[in-house]
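Q:
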Amino acid sequence: MLVLVLVLVLVLVLVLVLVLVLVLVLVLVLVLVLVLSVTKSLLSQHPRYAVAGEQLRSRWRSEVARWEQLTANIGRCTPDPHERERDRRR
């Protein structure tokens, strides 16, 4: 009987510790999101950083477009194995 109570208490303590760790991680993530959000809003109000941010977004969009074009070209240039087989038969 005593062993059963001890096991039950141990399981309860482990569950409580797990819940506390999960709550702590959640609070830390929320604080990090809040700090990043406030920092972003403060930096976006500053004219120099707002312009730099827009330049970075523009550069990012152009890089994404360039990579999409490259990957589209790669897909187009890769020969189809069935097409190669048909060419070999001709």
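For the sequence shown, this note's numbering begins at 2 and goes up steadily by one. We put the CB at the ideal spot given by N, CA and C, even for glycine.
1. For PRO45 versus ALA53, is the C-beta spacing smaller than 8 Å?
2. What's the gap between the Cα of LEU19 and the Cα of VAL4?
3. Just to confirm my understanding: we take LEU25, look at its own chain, exclude 5 residues before and 5 after, and list those with CB closer than 6 Å. What are they?
4. How many Å lie between ARG49 and LEU43 at the Cα?
A: Taking the coordinates as given:
1. The question names Pro, yet the displayed sequence has Ser at residue 45. Cβ distance not < 8 Å, so SER45 and ALA53 don't count as in contact.
2. Rounded to whole angstroms, LEU19 to VAL4 spans 22 Å at the Cα level.
3. Here LEU25 has no same chain residue with a Cβ atom under 6 Å from its own Cβ, once five neighbours each way along the sequence are excluded.
4. C-alpha of ARG49 to C-alpha of LEU43: approximately 12 Å in a straight line.
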